[in-house]
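So the mapping is simple: the numbering used here equals the position in the sequence shown, first residue as 1, plus 16.
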Amino acid sequence: PDTYMDKLAIGPGFRQGVVTMDMSPSERVNALAAAKGCSTEDITVCVLERPRHEEMIAEIRTTGAAIRLITDGDVAGVIHCAEPSTGIDMYMGSGGAPEGVLAAAALKCMGGQMFGRLTFRNDDELGRAKKAGITNLDRVYTRDDMVTGDVIFAATGVTDGSILPGIKREPGFLTAETILMRSKTGSVRRMNYRHPIDS
């Protein structure tokens, strides 16, 4: 349903449940550092920069972990957990539930764990969940609960972002880049397009 969701994600290579939704932010950082065999200072957590996350950010900072704040695009924040080149180990925070499902689809293709729990800011959102047939309002959804089968994830950059560049206008054409992933094969492809236009 179109509500908010508390989200937690880590990249591939860890035993299931090394971090959980029931842990505090600092407990998650400590648990992931222990699983990686490193110091908490070597962990980087990605968080959407919003006033609602200020307490969580303050608690993460007490562990010594680095924080990578993003201004939008929590789908990208989750994807970065599965990309070693980003240096991001974990994503946590709340955002749209539909975006949580998109992020889970990408992680199913790339590997990694994701957990989500619906949150409701008002009676309207609570009503949407009930209308969608959700009866356990405190359920923690895993990546595989959110995305049950083989999935293909595709995204094209419209504006510049951390995953894809935006559409660019060149003399006589537009350029666009798309990322395409498939869970069955684990393949990740990037495609560049040139679209001719009238100058």
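The beta carbon of each residue, even a glycine, is placed where N, CA and C say it ideally should be.
Cβ-Cβ distance between residue i and residue j below 9 angstroms
i: A25; j: C125; result: no
i: C54; j: I83; result: no
i: A121; j: Y20; result: no
i: S178; j: T102; result: yes
i: G27; j: E99; result: yes
i: L23; j: G132; result: Note on identity: in this sequence residue 23 is Lys, with Leu being the wrong assignment. Contact flag set, yes.
i: E70; j: T87; result: no
Supposed close pair residue i, residue j - CB separation, criterion 8 angstroms
i: M37; j: V156; result: 5 angstroms
i: V94; j: M130; result: 6 angstroms
i: L48; j: D105; result: 6 angstroms
i: I195; j: A171; result: 5 angstroms
Minimum C-alpha distance to residue i - residue among the options
i: G109; options: T135, S101 and D166; result: T135
i: G188; options: V63, P212 and S101; result: P212
i: S42; options: K146, T60, P28 and N208; result: T60
i: K52; options: F30, R198, G80 and D140; result: F30
i: L118; options: V91, D140 and E141; result: V91
i: N208; options: H69, T191 and L196; result: T191
i: F169; options: R205, V35 and Q32; result: R205
i: G33; options: E141, G143 and R159; result: R159
i: R185; options: D214, D161 and T201; result: D214
i: E115; options: G89, D139 and D140; result: G89
Limits of the unbroken alpha helix (DSSP H) element including residue i
i: S42; result: P41 to K52
i: L142; result: D139 to K147
i: M113; result: The displayed chain sequence assigns Ala, not Met, to residue 113. Run containing A113: A113 to M126, per the alpha helix (DSSP H) assignment.
Own chain, CB closer than 6 angstroms to residue i, minus 5 neighbours either side, in chain order
i: D176; result: G182
i: A148; result: P17
i: G173; result: L180, P181, G182 and E193
i: E75; result: P41 and S42
i: Y107; result: A25, C62, G93, V94 and C97
i: M58; result: A quick correction: the sequence has Asp, not Met, at residue 58. Same-chain partners within the cutoff: there are none.
i: R216; result: The question about residue 216 has no answer, for the chain in this structure spans 17 to 215.
Own chain, CB closer than 7 angstroms to residue i, minus 5 neighbours either side, in chain order
i: I73; result: V63 and I83
i: L85; result: V63 and E65
i: R68; result: S110
Segment limits, beta strand (DSSP E) that includes residue i
i: D161; result: Segment R159 to M162 is the alpha helix (DSSP H) holding D161; no beta strand (DSSP E) there.
i: E71; result: Looking at the DSSP string, E71 is not in any beta strand (DSSP E); the run it does join, the alpha helix (DSSP H), is E70 to T78.
i: I104; result: Where I104 is concerned, there is no enclosing beta strand (DSSP E), given that its DSSP letter is neither H nor E.
i: G132; result: Q129 to T135
i: A82; result: A82 to I86
i: I168; result: I168 to T172
i: I221; result: The chain is shown from 17 up to 215; residue 221 falls before or after that span and cannot be answered.
i: L180; result: L180 -> no beta strand (DSSP E), and no H or E assigned at all.
i: P187; result: Note, P187: premise wrong, no beta strand (DSSP E); not H, not E.
i: V34; result: Run containing V34: none; DSSP gives neither H nor E here.
Residue i CB to nearest heavy atom of the ligand COA below 8 angstroms
i: E193; result: As for the ligand COA, it is missing from this structure, which has no ligand bound.
Sequence-distant residues of its chain with Cβ nearer than 8 angstroms to residue i (five each side left out)
i: E56; result: Reading off the sequence, residue 56 comes out as Thr, not Glu. Excluding positions up to five away in sequence, the list reads V45, N46, A49, T79, G80 and A81.
i: V12; result: Shown here, the chain extends from 17 to 215; a query on residue 12 therefore has no answer.
i: A145; result: P17, T19, L134, F136 and L153
i: R77; result: I83
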